[in-house]
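Counting the sequence shown from 1 gives a position; my numbering is that position plus 38. Single-structure report; data block below.
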Amino acid sequence: MLISASLFFFALASTSSDFAEREDQLSPKKCATTLKRAENFVKYWPPGSSDAYIMYNPDKMGFRAYDLLGDLHFRGCEKAALSPNKVEAARWYQSAAVKHLPESQWKLGKMFYEGDGVAQDKEAGLAWLTSAAMEGSAEAAVFLQRAGEKVPTAVTPNSYSVAMEHAKNELARGQAADRDRMVRDLARFLVDTATVYAVAKAAQPVVVSPSKTTIPAAPAAPTIRAVGTQPLTMTKPVYCSHFVSGSSVGDTVYVSVSGFCN
Numbered sequence: 039m040l041i042s043a044s045l046f047f048f049a050l051a052s053t054s055s056d057f058a059e060r061e062d063q064l065s066p067k068k069c070a071t072t073l074k075r076a077e078n079f080v081k082y083w084p085p086g087s088s089d090a091y092i093m094y095n096p097d098k099m100g101f102r103a104y105d106l107l108g109d110l111h112f113r114g115c116e117k118a119a120l121s122p123n124k125v126e127a128a129r130w131y132q133s134a135a136v137k138h139l140p141e142s143q144w145k146l147g148k149m150f151y152e153g154d155g156v157a158q159d160k161e162a163g164l165a166w167l168t169s170a171a172m173e174g175s176a177e178a179a180v181f182l183q184r185a186g187e188k189v190p191t192a193v194t195p196n197s198y199s200v201a202m203e204h205a206k207n208e209l210a211r212g213q214a215a216d217r218d219r220m221v222r223d224l225a226r227f228l229v230d231t232a233t234v235y236a237v238a239k240a241a242q243p244v245v246v247s248p249s250k251t252t253i254p255a256a257p258a259a260p261t262i263r264a265v266g267t268q269p270l271t272m273t274k275p276v277y278c279s280h281f282v283s284g285s286s287v288g289d290t291v292y293v294s295v296s297g298f299c300n
């Protein structure tokens, strides 16, 4: 028994984490705004984007922007002069389906299974529907059961959740590495700056009063004294060692540089 078209439209929205919110986004009143937001997102993160964190971050549209575009093209949006285009809808569903989004796998699988807007391919449809049910799509599981197909056991956590967690961990590791690199770079900069300053200070001439100071020369050489009324100048080499330590709290980096000169 095949699921009805009206139930399919219900399922298009119900696969969202919030049915009411998805229906509101796709409503005739707001669909143009939703379309603009989704198209703006995919402009910067098109299919094949390598920025996994942004794509899996639940606070962003992520791969669900692809799913939204699929819904918008499936339904159309009169306010945005967007006519229903199921071929385009299937293209966006597939972009999200290959990234483990269960709701897109379910919608794409149903379209292929029934030949709805695309060339019928029951084998491909069944594969996507089975994957969607395994990933936790209740709609896919119901569809398979009513169509007399085998319903697989859902896995927990699903692939999308695992990929999202992996992306977050990768981001955390990257941020930690960036902070460490920032500490090292800042410490190196401060050491270089302190060294240049110390050398510059050491190169400044020291004015010595000729009436009070004498400077011994090398052994077996006569003593050199100030002559006349001209001041005697000399330079003194400075040998410095610098010690750097750094730490970070959140996005704030603390660096301590100590210098010892003789």
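Ideal placement from N, C-alpha and C gives every residue a C-beta, glycine not left out.
Neighbour-count burial assignment, residue i, 16 or more Cβ in a 10 Å radius
i	result
ARG60	buried
HIS111	buried
ARG102	buried
TYR82	exposed
PRO121	The sequence given here has Ser at residue 121, not Pro. Burial call: exposed.
MET93	buried
ASP216	exposed
LYS67	exposed
ASP105	buried
GLN158	exposed
PRO140	buried
SER17	Residue 17 cannot be examined here, being either before or after the span of the chain that is shown, 39 to 300.
THR53	With a pLDDT of 43 at THR53, under the threshold of 50, the modelled position of this residue cannot be trusted; read the value that follows with caution. Buried is the call here.
GLU161	exposed
GLY174	buried
GLY163	buried
THR71	exposed
Cα-Cα separation, residue i to residue j
i	j	result
GLY212	ASP223	16 angstroms
LEU167	ALA135	11 angstroms
HIS138	GLU203	13 angstroms
ASP218	LEU182	51 angstroms
MET99	CYS69	15 angstroms
ARG226	LEU209	25 angstroms
PRO190	PHE57	25 angstroms
SER133	LYS148	16 angstroms
ARG184	ALA178	10 angstroms
ARG75	THR194	31 angstroms
LEU146	ASN78	23 angstroms
TYR91	GLU152	34 angstroms
ALA119	VAL221	53 angstroms
SER294	ALA214	19 angstroms
ASN123	SER65	17 angstroms
GLU126	ASP109	10 angstroms
PRO85	VAL200	20 angstroms
ALA165	LYS117	35 angstroms
GLN143	ASP230	56 angstroms
VAL62	LEU228	The sequence as given places Asp at residue 62; Val does not occur at that position. Those two C-alpha atoms are separated by around 55 angstroms.
Three-state secondary structure assigned by DSSP to residue i
i	result
SER88	coil
LEU120	strand
SER294	strand
GLU173	coil
THR191	coil
ALA58	helix
SER65	coil
GLY186	coil
ASN196	coil
TRP83	coil
Closer than 7 angstroms: residue i CB and nearest the ligand FMN heavy atom
i	result
VAL200	This structure lacks the ligand FMN; in fact it carries no ligand of any kind.
**Study point:** Complete runs of the alpha helix (DSSP H) confined to the stretch 88-161 [at least 4 residues]
**Key:** 90-94, 102-113, 124-135, 140-152
Practice item. Kindly provide the ranges of any alpha helix (DSSP H) runs that are 4 or more residues long and lie completely inside the stretch 200-233, ordered along the chain. Key: none
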